[in-house]
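Peer 1: Here the protein sequences line up with chains A and H, keeping their order. Taken in order, the first sequence gives residues 1 to 118; the numbers are from my numbering. Taken in order, the second sequence gives residues 1001 to 1114; the numbers are from my numbering. Here a beta-carbon is modelled for each residue, glycine too, at the ideal position from N, C-alpha and C. Before I ask anything, here is the structure I am working with.
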Amino acid sequence: AQSVTQLGSHVSVSEGALVLLRCNYSSSVPPYLFWYVQYPNQGLQLLLKYTSAATLVKGINGFEAEFKKSETSFHLTKPSAHMSDAAEYFCAVSDLGAGGTSYGKLTFGQGTILTVHP
Amino acid sequence: EAEVAQSPRYKITEKSQAVAFWCDPISGHATLYWYRQILGQGPELLVQFQDESVVDDSQLPKDRFSAERLKGVDSTLKIQPAELGDSAMYLCASSPGQYNSPLHFGNGTRLTVT
């Protein structure tokens, strides 16, 4: 079964600094990987997705992530943090299942809360 | 942009009472999911529908939880009786169902059981 591990439940950066949120996955088949962001008392919003095309994926709000098969990682980065980036971030892996019929059943990591200091 | 609608946004109930949540997915989305998110954790799948059929309910506590999507459009998740440990955010999501489609989430229902 697929699983996701997010290293660091809390990350704190200064405004303008590099953001790096770590995600490692476990999958027996080539995975589909996603990053979602969640603001307080709201649902999850898709930031970006990897579906076996380019290994460097660009998403919304200046975020990007690089798929590294050798390291089973899909870390999320942003060159310069903004106050509005403060939120909780979730990495997720998709379970294709037999015949692809289970596609979309996402398994989420525990989340990383990003704090941005002025 | 079309959104997944959920109601109510907040629900407070006493233990042993019944509670129900409603979800209206994005029009045309064949696949609907109910996730439960306990505070401080990632969402966990409770049930997945493809049209009106359940395709995965392996993590649904069937002794107290039930879900239906009778006409393959909107869906209801019910808990009876509610327990203190059911306090969580209940998230509904939908997807067109194609192999590379992301999930679109609603804003959730925050349940507090007292």
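Taking glycine 59/A as the reference, give the member of Leu48/A, Gly43/A, Lys69/A with the closest Cα.
Peer 2: Selected option, being the one with the closest Cα: Leu48/A.
Peer 1: Quick one, which of Lys69/A, Asn41/A, Phe90/A, His117/A has its alpha-carbon nearest leucine 21/A's?
Peer 2: Looking at the Cα atoms, Phe90/A is the closest of the given residues.
Peer 1: Cα separation between valine 19/A and glycine 1042/H?
Peer 2: So the two alpha carbons sit approximately 20 Å from each other.
Peer 1: 9 Å is my cut-off, CB to CB: does lysine 49/A come that close to chain H?
Peer 2: With 9 Å as the cut-off, lysine 49/A counts as an interface residue toward chain H.
Peer 1: Where does leucine 1084/H fall in DSSP's three states?
Peer 2: Here leucine 1084/H sits in helix by DSSP.
Peer 1: Across which residues does DSSP place arginine 1036/H in a beta bridge pair?
Peer 2: DSSP lists Glu1044/H, Tyr1090/H as partners of arginine 1036/H.
Peer 1: Relative to chain A, which residues along the region 1038-1065 of chain H have a C-beta separation below 8 Å, given in chain order?
Peer 2: From the region 1038-1065 of chain H, only Gly1040, Gln1041, Gly1042, Pro1043, Glu1044, Leu1045, Gln1048, Gln1050, Val1055, Asp1056 have a Cβ closer than 8 Å to chain A.
Peer 1: Bridge partners of aspartate 1024/H, per DSSP?
Peer 2: Aspartate 1024/H is bridged to Ala1005/H.
Peer 1: What is the rounded straight-line gap between the Cα of valine 1113/H and the Cα of glutamate 71/A?
Peer 2: Valine 1113/H and glutamate 71/A: Cα-Cα distance of roughly 42 Å.
Peer 1: Is it true that the region 1010-1028 of chain H meets the region 27-34 of chain A, where meeting means three or more beta-carbon pairs spaced less than 8 Å apart?
Peer 2: No, they do not touch.
Peer 1: What first and last residue would you give for the beta strand (DSSP E) that runs through histidine 10/A?
Peer 2: Per DSSP, histidine 10/A belongs to the beta strand (DSSP E) from 10-14.
Peer 1: Could you check which residue in Arg1036/H, Tyr1035/H, Gln1048/H has the C-alpha nearest to that of histidine 1029/H?
Peer 2: Here the closest residue by C-alpha is Gln1048/H.
Peer 1: Would a check of beta-carbon distances place lysine 69/A closer than 9 Å to chain H?
Peer 2: So, not an interface residue.
Peer 1: With distances taken from CA atoms, which of Thr77/A, Phe108/A, Leu44/A, Gly111/A is nearest glycine 120/A?
Peer 2: In the structure as shown, chain A begins at 1 and stops at 118. Residue 120/A is therefore absent and cannot be evaluated.
Peer 1: Please list, in chain order, the chain A residues whose beta carbon lies closer than 9 Å to that of arginine 1110/H.
Peer 2: Going along chain A in sequence order, the residues near arginine 1110/H (Cβ under 9 Å) are Asn41.
Peer 1: For leucine 1091/H, decide whether its Cβ has a neighbour in chain A, counting only Cβ atoms nearer than 9 Å.
Peer 2: Yes, its Cβ sits closer than 9 Å to a Cβ of chain A.
Peer 1: When you compare the CB positions of glutamate 1111/H and alanine 1088/H, do they come within less than 9 Å of one another, or not?
Peer 2: Note on identity: in this sequence residue 1111/H is leucine, with glutamate being the wrong assignment. Result yes, Cβ atoms of leucine 1111/H and alanine 1088/H sit closer than 9 Å.
Peer 1: Taking the CB atoms as reference points, tell me whether glycine 1106/H and cysteine 1092/H lie closer together than 9 Å.
Peer 2: Taking 9 Å as the Cβ cut-off, glycine 1106/H and cysteine 1092/H qualify as a contacting pair.
Peer 1: Assuming glutamine 2/A and threonine 107/A form a contact by the criterion Cβ under 8 Å, report the distance between their Cβ atoms to the nearest whole angstrom.
Peer 2: 5 Å between Cβ atoms; contact.
Peer 1: I want to see whether chain H comes within less than 9 Å of glycine 8/A, judged by CB atoms only; does it?
Peer 2: Glycine 8/A does not count as touching chain H.
Peer 1: Just the chain A side, please: which residues come within less than 9 Å of phenylalanine 1021/H by C-beta, in chain order?
Peer 2: Ordered by position in chain A, no residue passes the 9 Å Cβ test against phenylalanine 1021/H, which lies about 13 Å from the chain.
Peer 1: Let me check understanding here. Comparing Cα to Cα, which of Phe1065/H, Leu1045/H, Ala1002/H lies closest to aspartate 1024/H?
Peer 2: Of the candidates Phe1065/H, Leu1045/H, Ala1002/H, the one whose C-alpha sits nearest the C-alpha of aspartate 1024/H is Ala1002/H.
Peer 1: Could you work out which residues of chain H lie near glutamine 110/A, taking near to mean beta carbons separated by less than 7 Å?
Peer 2: Within 7 Å Cβ-Cβ: Gln1041, Gly1042.
Peer 1: Taking only beta-carbon atoms, is alanine 87/A less than 9 Å away from chain H?
Peer 2: Taking Cβ atoms only, chain H never reaches closer than 9 Å to alanine 87/A, which makes this a no.
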